[in-house]
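Residue numbers (this note's numbering): 56 to 301.
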Amino acid sequence: QLRVLTALAADPQATALYLSPTKALGADQLRAVTELTMMEPELSTVAACAYDGDTSTEMRQWARRHSRWIFTNPDMLHVSLLPGHARWARMLRRLKYVVIDECHSYRGVFGSHVALILRRLRRLARHYGADPVFILASATTGEPADAASRLIGAPCRAVTEDGSPHGPRTVAMWEPPLLREVTGEHGAPVRRAAGTEAARLLADLVVEGARTLTFVRSRHGAELTAMGARRLLAAAAPDLVDRVAA
């Protein structure tokens, strides 16, 4: 965000594009950017704006005319922005940055589709005289430079060193215990479910007073883990039940 906003502040005509695989992620990023631009007078013309399937016709027209940072997704880029590129000439002509968040989610058939869309975006940017920098963000890609290069069709440089300040940390690999009274197929041992174990660990950490984030694979799983932790806390420390939320 800061690098893009710095460029937009230095050049009052520059534009940027942000792509995310989910609407919720894009909304979170847009909210953070909007808060930053409201605090700095020189960023008042950024007019960051969402452009997705729920955006009204009036807001889409306003975004084309005034926004300098569009928050959208690959599908909208494919069905709206690129086919109507003449109407987006203002943005494409001064495009400085394209941010592709959670880029590891673009894989398989869908990833091939997105890769073609991004190549088309690069061609149209060149057509209008722009050569934007692509920033691909991911915390889990095993080979970031190779994966990013395949996605956008251009050489990419991996930035893998975290320069941000942080305190000491301990990384532990936790294996759920075996359920002695339960056996699987052909008598194979069965372990306690990861979600159940996560709820127990969360409850223990809350009792210890540790601020804790528990990451679960789905929204449904997060709700179940939070419910499990609250149920355990209700028996051990009822005053802490309300301190756990999904």
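For glycine and all other residues, C-beta sits at the position ideal for the given N, C-alpha and C.
request  = Could you say which of L98, D201, A71 lies nearest to L150 if we only look at CA atoms?
outcome  = A71
request  = Keeping to the same chain, check which residues put their C-beta closer than 8 Å to that of A89; ignore five residues upstream and five downstream.
outcome  = The residue asked about is misnamed: residue 89 is Thr in this sequence, not Ala. Once the five neighbours on either side are set aside, the close Cβ partners of T89 are A103.
query = Roughly how many angstroms lie between the CA atoms of L74 and L260, to the nearest whole one?
reply = 36 Å
ask   = Using 8 Å as the threshold, is the region 189-198 in touch with the region 154-169, meaning 3 or more CB pairs across them?
value = yes
task = Can you tell me the Cβ-Cβ gap for S160 and P231, rounded? I've got them flagged as a contact below 8 Å.
result = S160 to P231, Cβ: 27 Å. No contact.
task = Just confirm the distance between the C-beta atoms of A82 and A105, as a whole number of angstroms; I'd bet it's less than 8 Å.
result = 7 Å
key: Spatially closest choice to A248 from E240, W229, R266, by CA coordinates   = W229
Pairwise C-alpha distance: A277 and G264 = 20 Å
ask   = Which class does T92 belong to by DSSP, given the choice of helix, strand or coil?
value = helix
query = Bridge partners of C104, per DSSP?
reply = Beta-bridge pairing by DSSP links C104 to I125.
query = Since T307 and T267 are thought to touch, with beta carbons under 8 Å apart, how far apart are those beta carbons, to the nearest angstrom?
reply = The first residue shown for the chain is 56 and the last is 301, placing residue 307 beyond what the model contains.
query = Taking Cβ positions, are D109 and N128 nearer each other than 8 Å?
reply = no
query = Going by other Cβ atoms of all chains shown within 10 Å of its Cβ, with 16 needed for buried, is L287 buried or exposed?
reply = Counting every other CB atom within 10 Å of its CB across the protein chains shown gives L287 a total of 16 or more, marking it as buried.
message = At the level of alpha carbons, what is the spacing between V214 and Q84?
response = V214 and Q84: Cα-Cα distance of roughly 21 Å.
ask   = Distance, Cα to Cα, D297 vs R274?
value = In a straight line, the C-alpha of D297 is about 19 Å away from that of R274.
query = Beta carbon of W143, beta carbon of L63: below 8 Å?
reply = no
request  = Classify G242 as buried or exposed, calling it buried when 16 or more other Cβ atoms lie within 10 Å of its own Cβ.
outcome  = G242 comes out exposed.
inquiry  = Using a 10 Å radius around the Cβ and a threshold of 16 neighbouring Cβ atoms, would you call S122 buried or exposed?
reply    = buried
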